[in-house]
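Each remark here refers to the structure printed beneath this line.
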Amino acid sequence: MAFSSTMILPLLLVLLSAFSATSKSVQENFMQCLDANSEHPIPISAFCFQTNSSFTSVLNSTAQNLRYLMPLVPKPEFIFIPVYESHVKSAVICAKKLAIHLRFRSGGHDYEGLSYASEIETPFILLDLIQLRSINVDIDDNSAWVQAGATVGEVYYRVSEKSKTHGFPAGLCSSLGIGGHITGGAYGSMMRKYGLGADNVLDARIVDVNGEILDRAAMGEDLFWAIRGGGGASFGVILSWKIKLVAVPETVTVFTVPKTLEQGATKILYRWQQVADKLDDDLFIRVVIQVTKTSQKGKRTVTTAYNALYLGDAERLLQVMDQSFPELGLARKDCIETSWIKSVLYIAGFPSETPPEVLLEGKSLFKNYFKAKSDFVQQPIPETALGRLWEMLLEEESPLMIWNPYGGMMANISDSAIPFPHRRGNLFKIQYVTSWYEGSKGATRKHMDWIKGLYDYMSAYVPTSPRAAYVNYRDLDLGMNHKNASFTEASVWGAMYFKGNFRRLVKIKSKVDPGNFFRHEQSIPVVLE
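Mature numbering (1 follows the signal peptide of the UniProt record, and there is no 0) puts the sequence shown at residues -25 to -1, 1 to 504.
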């Protein structure tokens, strides 16, 4: 039943009265259309206008990159926060009917702010799915239906509530919105055992360009293929995923072993490159590389921290390490036996005594100005090259690199099983990050130039035909669409994210959204030339 205009429109008109004629027209028309098309009542609290005192706090609430909250970055005309799935359906129908550009977010972690900001098309409105976060776990079926606004941490917690021996192989950052996370692939500390989150999706519900709610059977296998790794916001609005739960032991083991340059970090890291993708599939060892202070006043060094999850007990882990990677020198005192849900907290960086309930808060531990890039490595980077890499890191204030191992199940899944193509042949993935704490143009340019220089340096040690990148680490330096980008223009970045799968994504996009309604700076284009 539609919400009566006699109940909602007078209140809305009061709220809109302070806006410019253009803004008021956009908003009034949209609200009137929603009123006519909604199956459920729409509370006033579902709308957040620029005149509301809460507008900035709502916009900023889940946004991670402060670069896209700067005053000169265009803001949405208003934010609509649906409380029913039917509200999303109505929003798509009305935005399309009124030719209003629509952005939507589930968690706000998009590295380039594409889910809540637009530098190429205004005006636009923001559809924030934060209220759509129900999670229904079915242990007997080894599955769960999770709405798009739920965070990864909430999903992990609700699964662990029902079973200590079930988990889900998705992200390491607990505040990621599950809706957008899976659209890019979703990797985590169980990827070598079970693959990506997107590899473990059984069904989905999506609002398409016609405002229809489709499940897997209704959307067909092509569209179901495309939304699991083809990047967010190109094909429709994800409402929920049906995920396949995986087995985890009651006891898992975690550890973090730091090695500085003075402790032989270079040689150990070179050895890690040779073995990381060949280790036991139950073992995930990533390397977190940062610049840290030494005990000598004013001196800094590079620290490589080996941060790991093993799906088993410490005794067995030590045997595996002695056989495969003794160079790290892992000892029993380094190992922490714990439950899988507590390992999630450990890997995410929470203090040791933090209760799992913190995962229900969905708060990000990381919020500042930053720029990130990514690479996939197929041959070990020589020790001499690592030496120059350390020099470059020491030139920057707050650099971060994270090296994530591949192999295991990642090498056993076809490059074309889903749009995410980075499988067999990759030793590890690199994430490069630089962050800073004040948003001046000078500071921004300084740090942006540094990371571009680092990325250029690393080109000698990664495949370049094409150079590969991870779509969930959005990087607009790789290329940007205009409103109606051509296949040739978009192929520059499309081949880096999706390799040969890009062409199939374009064909599917052209079929399901021929008018390119769902678009952003790196959305899949609609035309094959």
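Here a beta-carbon is modelled for each residue, glycine too, at the ideal position from N, C-alpha and C.
Within the same chain, Cβ atoms closer than 6 Å to the Cβ of G205 are found at P394, L480, the five residues on either side in sequence being excluded. Sequence-distant partners of M45 (beyond 5 residues in either direction) whose C-beta falls short of 8 Å from its own C-beta, in its chain, are G414.
Shown here, L177 sits in a strand according to DSSP, grouped into three states. Here P330 is exposed. Its C-beta has fewer than 16 other C-beta atoms within 10 Å. Under DSSP, R275 forms a beta bridge with K268.
Taking the Cα positions, Q406 is about 25 Å away from A125. Pairing D257 with K168 gives a Cβ-Cβ distance under 8 Å. For I202, the secondary structure class from DSSP, reduced to helix, strand or coil, is helix. Its Cα nearest to that of R307, the residue T228 stands out among G428, T228, N401.
In the displayed model, D288 falls within coil according to three-state DSSP, outside both helix and strand.
As for any beta strand (DSSP E) of minimum length 3 sitting wholly inside the region 17 to 43, the runs are 22 to 24, ordered along the chain.
Nearest C-alpha to F403 among P380, A470, A173, G88: P380.
When DSSP states are grouped into helix, strand and coil, I157 belongs to the helix group. DSSP links V229 through a beta bridge to L284, I311.
With respect to the C-alpha of L305, the residue from S65, N343, P233 having the closest C-alpha is P233. Across the set M455, K484, N459, the C-alpha of M455 shows the shortest separation from the C-alpha of M471. Shown here, Y59 sits in coil according to DSSP, grouped into three states, outside any helix or strand.
The alpha-carbon separation between K268 and G362 amounts to approximately 18 Å. Assignment of alpha helix (DSSP H) within the region 394 to 476, counting only whole runs of 4 or more residues, yields 416 to 433, 462 to 473 in chain order. Following the DSSP letters along the chain, one finds V352 inside the beta strand (DSSP E) bounded by residues 344 to 352.
Contact check for I100 against P57 fails: the beta carbons are separated by 8 Å or more. Taken through DSSP and simplified to helix, strand or coil, N185 comes out as coil. In this structure I54 is not in contact with L73, their Cβ atoms being roughly 17 Å apart against a cut-off of 8 Å. The secondary-structure analysis by DSSP pairs V263 across a beta bridge with A280, I377. Judged by DSSP secondary structure, K242 falls within the alpha helix (DSSP H) whose first and last residues are 240 to 250.
Burial check for Y344: the Cβ neighbour count within 10 Å reaches 16 or more, so the residue is buried. Minimum Cα-Cα distance from F22 among the listed residues G160, M6, S373, E14 corresponds to M6. For D197, the three-state secondary structure derived from DSSP is helix. Annotation for L361: the continuous alpha helix (DSSP H) segment containing it runs 358 to 369.
In this structure I19 is exposed. Its beta-carbon is surrounded by fewer than 16 other beta-carbon atoms within 10 angstroms.
Beyond the five residues adjoining it in sequence on each side, R108 comes within less than 6 Å, by CB distance, of Q122, G124, A125 in the same chain, given in chain order. Within the DSSP bridge table, the entry for T235 names T278 as partners.
DSSP places Q106 outside both helix and strand once states are collapsed to three, so it counts as coil. The region 158 to 168 makes no contact with the region 241 to 249; the number of CB pairs closer than 8 Å stays below 3. Within the same chain, K484, F493, S498, I499 come within 7 Å of S209 by CB-CB distance, once the 5 residues on both sides are set aside.
G382 and G417 have their C-alpha atoms roughly 41 Å apart.
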